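Chemist: I'd like to ask you about the structure that follows.
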Amino acid sequence: MATDKKEYLFKVLVIGELGVGKTSIIKRYVHQLFSHNYRATIGVDFALKVLTWDADTLVRLQLWDIAGTGAGQERFGNMTRVYYKEAVGAFVVFDVTRSSTFEAVAKWKSDLDAKVMLSNGGPIPAVLLANKSDQAPDGASAPQLDAFCKEHGFTGWFHTSAKENKNIDEAARFLVGHVLSNEHLLGTERDDTDTVSLEGSSSDALGAGGGQRAAQPQRENLVVLLGAPPATPPQPPHRRRRRRHHHHTGGWPANERGGERRRRASGRANERLSQPTNRADIADV
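Under the UniProt record's numbering, the letters of the sequence shown match residues 1 to 285, in that order.
Okay, here's the thing in C-alpha cells:
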C-alpha cells in the first residue's frame, strides 16, 4: 500500500555582516552558479530550494537572504523582527579573511535568539558558516570554532566556499536534519499543498506554517477601499438663460423700430412734396 508523501515548507534565514558571501552561498546552493560581480543586497531577497530528503519526504527550503549591516543598510536593521518571523532555522555567515565579521557573529546570534524561537521557548537551529575558506584555509581553526559554537548555542559549523562549492550542500542537509528533529515544535507539515484558503484569517504568504497564501479581501471591502463609482455621472450645473426684456416704443418690437421710423419719415417727406407751393414765399426769398 502506497504511503502519503510528507511535504514541508521551512523558512531558513541567511544572516551575517555585509559582504561575507550570503548571496553567493544561496546562488551556489539553489542555482549552482557563482559570480565574481558583487552587488549588496538591499533589505531582503528570497530563493526556493526543493530538497528530496528521502523516499517519503519532500522539503521546500525558503531561503531569506537578509541584508548585512553597513553603509546605507542601517535602516534595514530595525526590520529584522519582521524578517525573522516564523523562521525555523538559520545560517550565520562570516568571512574568514575579515576578523571583524567573525566578531559580529555573536551580535547576529543574540539578535536571532531574541526575536524568534521554538514553541517551547528554545532557540531555533543555527549553523555557523566560515565562508571564503578557499582564500584563507587557516582563517578560523576547528578548536576555536568548536568553543565559540558551544558558548553561543550554535548547532554546528562548516568551512564553506561558494566559489569552490565546498560544504554548501552538506551544511544545508545538516541544518534540515536538525529542523526535522524539532518537527513536534514546528507544526510545519503541509497536508494539502494544492489547497488555497480564501476565507478566514489571513496568514503570511511567506511564513513557515504551510505556505498558505494570505486571504483575499472580499469584493465589498474593495469597494470601500477604492471607492464605489457613482450611480450616474455628475451633471454640469444648469445655467439660467437670461431673457431679454424688449422695451417697446409705440407698441413695436425693438427690432422693428428702425424700419418704422424710416417709413414715417418717408411719409412726412412725401406729404411736404405733395403740398402746393406758396408763391408769396418764393418772392420773399
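For every residue, glycine included, the Cβ atom is placed at its ideal position computed from N, Cα and C.
All figures in this text were calculated on a predicted structure; none of them were measured in a lab.
Could you tell me which residues DSSP puts in a beta bridge with asparagine 131?
Modeler: Asp95, per the DSSP bridge assignment.
Chemist: With the cut-off set at 8 Å, would you say residue 286 and phenylalanine 10 are in Cβ contact?
Modeler: Here the chain comprises residues numbered 1 to 285, so residue 286 is not present and cannot be evaluated.
Chemist: Looking at the structure shown, is isoleucine 168 part of a helix, part of a strand, or coil, going by DSSP?
Modeler: Helix, per DSSP.
Chemist: Could you name the residues of the same chain whose beta carbon sits closer than 7 Å to that of cysteine 149, not counting the 5 residues immediately before and after it, in chain order?
Modeler: Excluding positions up to five away in sequence, the list reads Leu128, Gly156, Trp157.
Chemist: Would you call glutamine 135 buried or exposed, if buried means 16 or more other Cβ atoms sit within 10 Å of its Cβ?
Modeler: The residue in question, glutamine 135, is exposed, as its Cβ has fewer than 16 Cβ neighbours within 10 Å.
Chemist: Buried or exposed: where does arginine 39 fall if 16 or more other Cβ atoms within 10 Å of its Cβ makes it buried?
Modeler: By the neighbour-count rule (16 or more Cβ atoms within 10 Å), arginine 39 is not buried but exposed.
Chemist: Who are isoleucine 15's beta bridge partners in DSSP?
Modeler: In DSSP, isoleucine 15 forms a bridge with Val92.
Chemist: To the nearest angstrom, report how far apart glycine 227 and threonine 52 are at their CA atoms.
Modeler: For glycine 227, the predicted model reports a pLDDT of 35, less than 50, meaning its position is unreliable; a value from the coordinates is still stated below. In a straight line, the C-alpha of glycine 227 is about 48 Å away from that of threonine 52.
Chemist: Just verifying my parser: in three-state terms, what is the DSSP assignment at aspartate 113?
Modeler: Note: aspartate 113 maps to helix in three-state DSSP.
Chemist: Grouping DSSP H, G and I as helix and E and B as strand, with all else coil, what is glutamate 7?
Modeler: Of the three classes helix, strand and coil, the one that applies to glutamate 7 here is strand, per DSSP.
Chemist: Please return the same chain residues whose Cβ sits closer than 6 Å to the Cβ of glutamate 183, not counting the five positions on each side in sequence.
Modeler: Around glutamate 183: no qualifying Cβ.
Chemist: Out of Leu58, Arg173, Phe174, Phe94, which one is the CA nearest neighbour of alanine 140?
Modeler: Comparing Cα-Cα distances from alanine 140 to each of Leu58, Arg173, Phe174, Phe94, the minimum goes to Phe94.
Chemist: Do you know how far the Cα of alanine 90 is from the Cα of glycine 209?
Modeler: Unreliable placement is indicated for glycine 209, whose pLDDT of 35 sits below 50; the coordinate value is still reported in the next sentence. The alpha-carbon atoms of glycine 209 and alanine 90 are separated by roughly 16 Å.
Chemist: Where do the N-terminal and C-terminal ends of the alpha helix (DSSP H) with glutamine 32 fall, by residue?
Modeler: First-last for glutamine 32: undefined, no H or E at that position.
Chemist: Is it buried or exposed for leucine 13, if we count other Cβ within 10 angstroms and need 16 for buried?
Modeler: That one is buried.
Chemist: Is the distance from the Cβ of histidine 152 to the Cβ of alanine 104 below 8 Å?
Modeler: Not in contact: histidine 152 and alanine 104 (Cβ atoms no closer than 8 Å).
Chemist: Quick one: grab the DSSP three-state call for asparagine 221.
Modeler: Note that asparagine 221 scores a pLDDT of 33, beneath 50, so its modelled location is shaky; the value from the coordinates is reported in the next line. The answer is helix: DSSP assigns asparagine 221 an H, G or I state.
Chemist: Would you mind stating whether valine 44 and threonine 101 have Cβ atoms separated by less than 8 Å?
Modeler: For valine 44 and threonine 101, no; Cβs fall outside 8 Å.
Chemist: Have a look at valine 179 and alanine 171 and give me their C-alpha separation to the nearest angstrom.
Modeler: Straight-line Cα distance between these residues: approximately 12 Å.
Chemist: How should glutamate 17 be labelled, buried or exposed, when 16 other C-beta atoms within 10 angstroms of its C-beta is the threshold for buried?
Modeler: Buried, since its Cβ has 16 or more Cβ neighbours within 10 Å.
Chemist: Cα-Cα, which of Asp4, Lys22, Lys5, Gln32 is closest to asparagine 165?
Modeler: Of the candidates Asp4, Lys22, Lys5, Gln32, the one whose C-alpha sits nearest the C-alpha of asparagine 165 is Gln32.
Chemist: Among Tyr84, Pro143, Trp108, whose alpha-carbon lies nearest the alpha-carbon of leucine 118?
Modeler: Nearest C-alpha to leucine 118: Tyr84.
Chemist: DSSP three-state call for phenylalanine 148: helix, strand or coil?
Modeler: In this structure, phenylalanine 148 counts as helix in the three-state DSSP scheme.
Chemist: At what residues does the alpha helix (DSSP H) containing valine 20 begin and finish?
Modeler: Element bounds for valine 20: n/a, residue is neither H nor E.
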